[in-house]
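Working notes, structure below.
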Amino acid sequence: MAENKESQSKQQEEPRIGVYICHCGLNIAGSLDCADVAKFAGTLPHVVLAQDNRYTCSDQGQAGIKKDIKEHKLNRVVVASCSPRLHEPTFRKACEEAGLNKYLFEMANIREHCSWVHLHDREAATEKAKDLVKMAVAKAALLQPAEEAEVPITRKALVIGGGVAGIQAALDLADTGYRVYVVEKEPSIGGMMARIDKTFPTMDCSICILAPKMSDVGHHPNIELLTNSEVTEVKGYIGNFHVKVLKKPRYVTKDCSACGECVKVCPIVAPNEFDVGLAIRHGIFTPFAQAVPSTYIVDMNLCLNKEGVIVCDKCIRACERQAIKFEMKPETEEIEVGTIIVATGADVFDPSVLPNYGYGKFPNVITSLEFERLINAGGPSGGHLIRPSDKQIPKRVAFVQCVGSRSDKAGKLYCSNVCCMNTIKDSLLIKEHWPDTEIYVFYIDIRAYGKGFEDLYKRARGEGVVFVRGLPAEIKEDKKTHNLWLIGEDTLKNEVYKIKADMAILSIGLEARKDSEMIQRMLTLSRNQDGFFLEAHPKLRPVDAATGGIFFAGCAESPKDIKDSVTQASAAAARAGILMAKGKVTVEAITPVVFPEKCKACGLCVKVCPYNAITLNKEKKRIEIIQAACGGCGTCAAECAFGALTQSHFTDDQIIGQIDAVTEHDADKKIIAFNCNWCSYAGADFAGVSRMQYPPNVRIIRTMCSGRVAPKFIERAFARGAATVLVSGCHIGDCHYINANYQTQKRVERLWKKMEQSGLNKERLQLLWCSAAEGEKFASKIREMKSTVDKVKPEEIEKAKEVFKKALEGT
Amino acid sequence: MPERIRHAALDKETIKQVKTEIHLIKDECKGCGYCIEYCPRNALEESDEINARGVHPPKVVDESKCINCGFCTAVCPDFAIFVVEKPNEKDEKHAKS
Amino acid sequence: MVQEMAHPFSKYLRADMMPHIWCAGCGNGVVLNCFAHALDELQFDLDKLVVVSGIGCIGRSAGYINADSFHTTHGRALAFATGVKLANPELEVMVISGDGDLFAIGGNHFIHAARRNIGIKVLCANNLNYGMTGGQQGPTTPLESITTTSPYGNIEHPFNLVHLAAASGATYVARWTTLHVRRLTQSIKRMLEKKGFCFIEVLSPCPEIYGRYNKMRSGLEMMGWFRKASVIDSFSDPSKAEITPERIAVGEFVDVEKLSYERMLHEKISKINEEAMEKVS
Amino acid sequence: MLKAKNILTGAHFLNGDVACAEAALVAGCRFFAGYPITPATEIAETLSERMPQLGGIYIQMEDEIASIAAVIGASYSGLKAMTATSGPGFSLMQENIGLAVMTEAPCVIVDVMRAGPSTGQPTMPGQQDVMQAKWGSHGDYGIIALTPSSVQEMFDLTVEAFNLSETYRVPTLLMADEIVGHMWEKVVIPPMEKVKIVNRKKPNVSPGEYKPFLPDDDLVPPMACFGEGYHFHATGLTHNENGYPRTSSSDDQTRLVNRLCQKIQKNADKIVRVEEVMLDDADVAVVAYGIVARAALSAIRRARERGIKAGLLRLITLWPFPEEHVAKVAQHVRAIAVPEMNCGQLVREVERAAKETPVTFLPKLGEEPHTPTEILDAIRKAA
C-alpha cells in the first residue's frame with residue numbers, strides 16, 4: 040500500500056499532457072482529418088502540446104516525443120494511432136527512454152477502431168476520433184506511475200505443427216537446451232515438405248534433406264513428440280501457459296517395429312491422403328516410408344473393429360511384437376510451457392470450385408500437389424509422370440499458374456508466393472526425365488525474386504519450356520481421348536490461343552488453415568483479412584504475436600517457401616529462446632490496489648478471484664493480495680461494493696473519467712462499449728484490419744477483462760444519458776482469466792433485471808461474447824445497436840438518468 | 027490432410043481382392059442370427075428355407091462382400107459356419123506355370 | 005458356397021456328441037468355440053489336456069471336447085481337478101463350468117484352489133442364473149433381476165467374480181463377454197501359457213431362460229446389452245468392476261507370476277529327498 | 036525318484052492309524068487328500084510326513100467333500116489314492132463316493148468310526164457307520180467294506196482294501212473304530228516282495244477302439260488314465276460304454292446299475308473274508324467284528340471253560356455281507372449272539388441270513404466296548 044500513498048503524492052503534481060495524432064500514412068489520414076483532431080486535442084484540459092505527424096511510430100516520431108517530454112516537461116503522453124495491441128509497447132519504451140514512467144502513457148485507437156471501419160464518412164470518423172482522444176486524455180490525466188512485478192518463465196516451449204517450420208523451431212530450441220513439446224495432428228511430422236519431390240532452386244530431393252531432421256526430432260532427448268494430437272486448451276499468460284493436448288489413440292504402441300506385416304493382412308483399403316488419393320493405403324498404415332514416428336496407426340473410421348469389439352483380428356495375429364492394442368483410449372496430456380510457437384502451416388486451394396478448369400471432371404487435369412506425388416520416385420507411379428486417364432506418359436503438358444491466387448473472383452487476392460518457382464522447377468523435372476515433352480506455362484507474371492530463382496527461370500526457358508502470358512479462360516476435354524484444350528488470350532501477342540495438351544497441371548495457391556480460427560481463439564491471436572496470423576509488427580516484430588510469449592513460423596503467418604519457413608522458424612526459436620534465457624518477464628502493473636480503511640472484510644473479492652490471489656485475514660479483518668498469483672483481470676475491483684479495491688492502471692477514476700468524457704455531449708447518440716483486451720478488443724481490431732464497415736456511434740473503453748466492468752460504470756453511463764451500453768468479452772470458457780467472465784455475465788444479468796423492474800428497455804444494455812476472430816460479429820452487433828440507438832426516445836434517456844442517478848455520487 | 031481427393035488411386039488394380047468361400051452347415055444352425063448381425067460387410071442374411079431344426083439358417087447375400095475377417099466362424103455357437111480364403115487367381119496361375 | 009468341407013475346429017470336438025444340447029443363442033457354444041479356437045492357435049497337444057466340468061448347462065462342455073474329460077458332481081470340478089493336477093502335473097487341467105457351480109455350491113473350492121495357486125485354469129460361463137434347472141436366482145444374478153425364485157426381483161447382492169478371484173490370489177484374471185470372441189480367445193491362450201491358478205469369466209447370453217424373464221428374449225438382445233454396456237478397462241481395480249445394467253467392465257484385471265502349488269510341492273519333495281540321501285552317504 | 040526312507044518292513048510297535056498309513060504306502064498309495072478329524076487325524080499326520088519321502092502327494096483339502104473329490108481325480112490321473120475320516124466327514128463324502136462308484140474310480144476311504152450321531156463323542160469308539168457304508172450314497176450300487184479288529188489287521192486290511200479297489204474299480208471302505216485306530220500293538224510288516232500288490236487293469240486296445248466302460252467277463256472295464264492319449268470321457272450321469280451321457284434311456288440305466296451291483300455280488304466269494312473260531316461243534320455262535328470281536332473271543336473261551344460250546348464268527352468283510360458264512364453257521368447252532376457298538380445295525384443282516392435260528396442282539400453305546408462277561412452272559416442265556 041506504500042506504493043499507493045506514493046502515487047497519491049505523484050497525483051498532486053499538475054498533469055502536463057502531450058498528444059500526438061498519427062496519420063499512419065493514409066491509413067488514418069485517408070479517412071479522417073488528423074490536423075483537426077490535433078487542434079481539438081489542444082483544447083482539452085491539461086494538454087500542453089498537441090500535434091499530428093505522418094508516422095508517430097517511426098524513429099523520428101519517437102524521437103520527437105522524447106524531445107517534447109524533456110523540453111515541455113510532459114508528465115503524460117497520449118498517442119492516437121493504431122491499436123495498443125500493436126504499438127503500446129513501442130511508445131511506452133520511448134517514454135521510458137525519456138525518463139517517463141511507462142504507465143503514464145495512453146493510446147487512442149483511431150485506426151482499427153475508427154479510420155478503417157469508417158472509410159466513407161470522413162466527418163463522423165473525425166468526430167469519433169476526437170471523442171477517442173478526449174477519452175484517452177481524460178484517462179491520461181489520472182494515470183499514475185507504477186513499477187512492474189517480475190514473473191518467472193517456464194523454460195519449456197510448445198511448438199504447434201510438425202512441418203518443416205515446426206521441426207526447425209523445435210530442433211533449434213531443443214539444441215539450445217530447452218524442453219520442447221511438438222504437437223502434430225497428423226500421424227507423422229514432415230508436413231507439406233515431405234510430400235514434395237524436389238525443392239527449388241537447388242533441386243535437392245525434398246524428403247532426402249527433411250528425413251534426417253525428422254528423425255532428429257524423433258530422437259532428440261529434449262523433444263517430446265506428440266503426433267496424432269491436438270492442442271485443445273491454452274490458459275495462462277506469457278511465461279506461464281497451461282496447455283491441454285488431446286492425444287488421439289494410434290491403436291499401435293511404440294513396440295511397433297514398422298515391419299508392415301499388419302498391412303499385408305488388413306482387408307480394408309482406402310485412398311492414401313498423403314498421396315492425395317493417387318495411391319491406396321490400408322486400414323492400418325503408415326502415411327509414408329520415412330514417417331516419424333514410424334509407429335503404424337489404425338484408421339478407426341475404416342477399421343471393422345468398432346465399439347471395443349474386435350471383429351477382425353488379422354493385424355493382431357500378424358503383429359509379432361503384439362503392438363496392436365484396440366483398447367487404447369484418447370488421453371489428455373497437460374503441459375506447462377513458457378513460450379509457444381505456432382507453426383500450423385497452410386492448406387492448398389481446392390480448384391474444383393473453378394468449373395472452367397474442369398478439375399475433378401477431367402481425369403487429366405491435376406493439381407501441382409498431385410504432380411509432386413506423381414513425379415516422386417516414392418509416389419504412386421514410382422516417379423513416372425502418367426496421365427490418370429490411360430496411365431500414358433504425356434507428350435504435351437500445360438501448367439496453369441495463379442489457380443486460386445491473385446483473383447478477386449476465384450480464390451484469394453494475394454500471391455501465394457511459391458507457385459511460380461514450383462512450376463519452373465516442375466517443368467525442369469519433366470524435361471530432365473522426358474526431354475522432348477512439350478511444356479506450356481500459362482501465367483500472369485513470373486515472380487522469380489529470390490536467390491537463384493532467375494537462373495532457374497532462364498534455364499527453363501533455355502530448355503524450351505514455353506511461357507504464355509495469359510491464363511486460359513477454360514479447359515476443354517476430348518471425351519474419347521481425354522486430351523485437353525486450353526483456350527485463352529495471349530496478352531503479349533494479343534491473340535486467342537487454343538493449345539492441345541495431354542495433361543494440365545493447376546498451380547494451386549496456399550490458403551490459411553481451415554482450423555486457424557480455433558488456434559486464434561485458444562491463443563487470442565489476430566489474423567489478417569486473408570486469414571493468416573497477424574504478427575505484432577510487420578517490420579520490427581515479424582515473428583511475434585501480439586500476445587506475449589507466442590511466435591509464428593512458416594505458412595501459418597503467410598505463404599512462404601521452405602527456405603523462408605526455416606528462416607522464420609529459427610527466428611521464432613531465437614525469440615522464444617530470449618524469453619526463456621532471461622527466465623523471467625515483467626508483468627504489467629495492473630494488479631489490485633487496496634484501500635484498507637474502506638474494506639469491510641466481506642470476502643466477496645476472495646470468492647470471485649479466479650487465481651485465489653486474495654486471502655481474507657479474519658483476525659485483522661482485512662484482505663491480502665498475492666501479487667505474483669494475480670492474473671490482472673480486475674474482477675475483484677468490479678465486485679467490491681465499498682470501493683475498497685481498484686485495479687492499477689484501470690482504476691475506477693480512470694474508467695469513470697473515460698465514461699464522463701465520452702458522455703459529455705451527444706451521449707444519447709452513442710454506444711458505450713467495454714471491450715476486454717484479449718478477445719473482444721482484438722475482435723474489434725480484426726474488424727478494422729478487415730475493413731469491416733459499421734456505424735461510427737460506438738466508443739470503446741478497453742479493460743483487460745470484461746470482469747473488470749463494474750455495474751457502477753454501466754449505471755454511470757446511463758446516468759449520464761448514454762443511449763446504449765455494450766459489454767463484450769471472451770466466450771464463456773475462453774476467458775483469458777480462467778473464468779472471470781462468469782462474473783461479467785452475472786452482473787449484466789442483474790442489471791437487466793433492475794432495468795426491467797424499473798421499466799427500462801433492457802435492450803439498451805447488450806452483452807456480447809466475441810473472440811479475436813469474430814470481427815464481423817462485433818461489427819454486426821454495432822449495426823444492430825445503432826438501430827436501438829435510433830429507437831431510444833428522449834424520455835427513456837431521462838428515465839434511465841433518474842433510475843441510475845445514485846451512480847453519479849462519489850468519486 | 028485437408029485436401030479433397032479427386033482422382034482414383036492409380037495402383038488400385040494391384041490390390042489383391044480376397045476371394046472367399048463361405049461354408050454353411052445349415053442343419054447345425056439354430057438360428058441365433060449372430061453371424062448375420064455382426065458381419066461387418068453385411069454379406070449374410072436370413073434365408074427363407076427351414077432347416078432340420080426348424081429355423082431359418084443364414085444365406086449368403088454376396089460372397090464378394092466377404093473379406094474373410096472370420097468373425098462369423100468365431101461367434102457361431104453351433105460351429106455351423108466358416109470361411110476359407112480362395113487362393114488368388116494370379117497366384118494360382120503362377121503356381122500352375 | 006459349398007458344404008463338403010469339415011469345420012476347421014471339428015477335430016477338437018467329439019463328433020458323436022454333436023450337436024450340443026444348448027439353446028439357440030446360448031453363449032456356451034461361443035465359449036466352446038473360443039476354447040477350440042485357442043487350442044487351434046496354440047496347436048495344443050490334446051493328449052496333455054484334461055477338461056473337467058461341474059453340473060449345469062456349460063458342464064456338458066467336458067463331454068464335447070475331444071480330450072480326456074470328466075463331468076463331476078455339482079460344485080466339485082475344482083476339487084476333482086486338484087487331484088488330477090497334483091497326481092500328474094504334466095497335464096493341463098482346464099475347468100469349464102458355470103457361475104452357480106463354481107461360486108455357489110462350489111464357492112469354497114474356488115477360493116481355496118485360488119489361494120493355493122494350484123495350476124488349474126478356470127473358464128467360467130456366467131449366465132447370471134441357474135439355466136439348466138429352469139432359471140433360478142444365483143450368486144451372480146443382478147439385483148432386481150426376475151428369476152423363477154426371485155419373482156419380485158432379486159434382493160441378493162451378486163458376486164463380483166473378478167474381484168473375488170483376484171482377492172483369492174489368482175495369478176490371471178479376466179472378464180469378457182461372448183461378443184468379445186477375439187479377446188476371449190487371446191485370453192484363453194494367455195491362460196494356457198501361464199503356470200498358476202487362472203480365471204476367466206465370460207458373460208454368456210441365456211436368452212431362453214434368464215433373458216425371457218428380463219426383457220431380453222433373444223440372444224441378439226443380450227449381445228446387444230453386452231455391446232452397449234461393455235467398457236474395456238484392463239488392469240483397473242477389480243473391486244470397481246461390478247456388473248450393472250449400465251456398465252460391464254471387461255478386460256484383463258490380473259496377470260502376475262507366482263510359484264504354483266505343484267511346483268512348490270515338488271521342489272519340497274526333491275529337497276527333502278536330497279537332504280536324506282546326503283545323510284545316508 | 037530317490038526315496039529318502041523306503042517303506043517300512045519288519046516288526047514295529049505302532050498305533051492303528053499309523054499302521055494304516057504305512058500300509059497304504061506299502062500298497063502303492065501315492066496320493067492322500069484329507070481333512071483333520073478325530074480319531075483319524077494321525078493317518079493324515081503320518082502321511083504328511085511319509086508321502087513326500089516316497090515322492091507321493093499329501094494335500095489337506097478345504098473339507099471332506101473336496102478330499103474325496105480330489106482322491107477320485109488323482110485316481111483318474113493314475114495314482115492309488117486314499118482319504119481318511121470319521122463319522123461327520125464320512126457323511127460329507129457320501130455323494131462323491133457315489134461318483135467314485137458311478138465312474139468306477141479305484142480308491143480307499145478309511146472311516147475310523149466314532150460315536151455319533153452328529154458330532155457325538157469324537158474321542159469315543161462306535162460301530163454306527165456300518166450301514167451307511169453300504170447305503171450312504173443315493174442310488175443302488177455295490178461297494179466293499181472291510182473292518183479290522185487289531186493294529187496288525189489295520190495294516191493288512193489297508194493293503195487288502197487297495198488291492199480289492201484296484202481289482203474291481205470300486206471305492207473300498209476300511210471301517211475301523213476309534214479303539215483300533217488309537218491302540219498301540221506290535222505289527223509285523225513282511226518284506227515288499229512277500230506282499231501281494233494288485234494294480235488296475237489297463238486297456239490293451241488302441242485309443243480309437245477304447246470304450247472306457249465296456250466291461251470284461253469279470254464285469255470290470257479296463258481303466259485308461261488321463262494323459263495316456265485315450266481321450267475318453269467319464270461322467271456321473273448315467274452313461275453308455277463310451278462314457279457318453281444317457282439321461283433318458285432306461286436300457287442304459289438298467290445295464291449300468293446292474294453291472295455296478297453285480298461286479299461286487301458276482302465276485303463276492305472272491306472278496307469276502309471271515310474268521311471262524313471253534314464253530315465246528317458250537318451250539319452258540321457269536322457274530323462280531325472290529326474291536327468287539329476281541330471281547331467276543333475271550334467270551335467264547337470262558338464259555339468253553341464253563342462247558343458251553345460257543346464259537347465265534349468274526350466278520351472281516353462287512354460288505355458285501357458274508358451271507359453264506361452266517362447261513363452255514365446258523366444251520367449248526369441253536370442260537371446266535373450279535374454284539375455291536377450301536378443300537379442294532381449289522382444284526383439285521385445276520386437275522387436275515389440266519390433264517391429261523393434265534394438271534395440275540397447286544398447293543399452297546401459309550402466309551403467302552405462290551406466286556407467279555409457281558410457277552411458270556413448272553414451266551415449263557417442263549418445256551
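Chains as they are written, first to last, in the numbering used here: chain D, 40 to 850; chain H, 27 to 123; chain Y, 5 to 285; chain P, 36 to 418.
Think of the CB as a built atom: it goes at the ideal place given N, C-alpha and C, for glycine as much as any other residue.
- Within the DSSP bridge table, the entry for residue 524 of chain D names D:515 and D:539 as partners.
- Using beta-carbon distances, residue 186 of chain Y counts as an interface residue toward chain D, with a partner under 7 Å.
- Closest in C-alpha terms to residue 253 of chain D, from the list D:208, D:837, D:277 and D:537, comes D:208.
- Non-local C-beta neighbours of residue 513 of chain D in its own chain, meaning closer than 6 Å and more than five positions away in sequence, comprise 395 and 526, ordered along the chain.
- In the DSSP assignment, residue 576 of chain D falls within the beta strand (DSSP E) that extends over 574-576.
- Around the C-beta of residue 535 of chain D, fewer than 16 other C-beta atoms lie within 10 Å, and the residue is accordingly described as exposed.
- Around the Cβ of residue 172 of chain P, a 10 Å sphere holds 16 or more other Cβ atoms; the residue is buried.
- Per DSSP, residue 644 of chain D lies in no beta strand (DSSP E) segment; the continuous alpha helix (DSSP H) that holds it begins and ends at 643-647.
- Annotation: the continuous alpha helix (DSSP H) that includes residue 791 of chain D extends over 779-796.
- Residue 217 of chain Y has its alpha-carbon roughly 44 Å from the corresponding atom of residue 177 of chain P.
- Residue range 51-62 is occupied by the alpha helix (DSSP H) that includes residue 60 of chain P.
- With fewer than three CB-CB distances shorter than 8 Å, the segment 146-159 of chain D does not count as touching the segment 589-600 of chain D.
- Residue-level contact check: residue 99 of chain P does not touch chain Y, since none of the beta carbons of chain Y fall below 7 Å from its beta carbon.
- Residue 237 of chain D carries a strand assignment under DSSP once its states are collapsed to helix, strand and coil.
- Within chain Y, the residues whose beta carbon sits less than 8 Å from that of residue 130 of chain P are 77, listed in sequence order.
- At a cut-off of 7 Å between beta-carbon atoms, residue 366 of chain D makes contact with chain Y.
- Inter-segment contact for the segment 64-82 of chain Y and the segment 261-271 of chain P is present: three or more beta-carbon pairs are separated by less than 8 Å.
- The alpha-carbon separation between residue 313 of chain D and residue 550 of chain D amounts to approximately 18 Å.
- With a cut-off of 8 Å on Cβ pairs, the segment 131-147 of chain D is not in contact with the segment 190-205 of chain D, counting fewer than three such pairs.
- By the 16-neighbour rule on beta-carbons within 10 angstroms, residue 151 of chain Y is buried.
- Straight-line measurement puts the Cα of residue 259 of chain D at about 14 Å from the Cα of residue 250 of chain D.
- By a beta-carbon distance limit of 8 Å, residue 48 of chain P contacts residue 219 of chain P. Their separation comes to about 6 Å.
- Relative to the Cα of residue 489 of chain D, the nearest Cα in the group D:119, D:741 and D:241 belongs to D:241.
- In the displayed model, residue 767 of chain D falls within a strand according to three-state DSSP.
- Judged by their CB atoms, residue 100 of chain Y and residue 154 of chain Y are not nearer to each other than the 7 Å cut-off.
- Here residue 236 of chain Y has 254 and 255 as same chain residues with Cβ atoms under 7 Å from its own Cβ, once five neighbours each way along the sequence are excluded.
- The beta carbon of residue 207 of chain P sits closer than 6 Å to those of 143, 179, 196, 199 and 200, all from its chain and outside the five residues before and after it, given in chain order.
- Cβ-Cβ distances below 7 Å link residue 310 of chain P to 349 and 351 in the same chain, with the five nearest sequence neighbours on each side left out; the list follows chain order.
- Counted as a single uninterrupted DSSP element, the alpha helix (DSSP H) harbouring residue 38 of chain Y occupies residues 32-46.
- Using beta-carbon distances, residue 71 of chain Y does not count as an interface residue toward chain H, since no partner is under 7 Å.
- Shown here for residue 373 of chain D: same chain residues with a beta carbon closer than 6 Å to its own, the five before and five after excluded, namely 283 in chain order.
- Listed in chain order, the non-local C-beta contacts of residue 735 of chain D below 7 Å within the same chain comprise 157, 160, 163, 164 and 167, local neighbours out to five positions each way being set aside.
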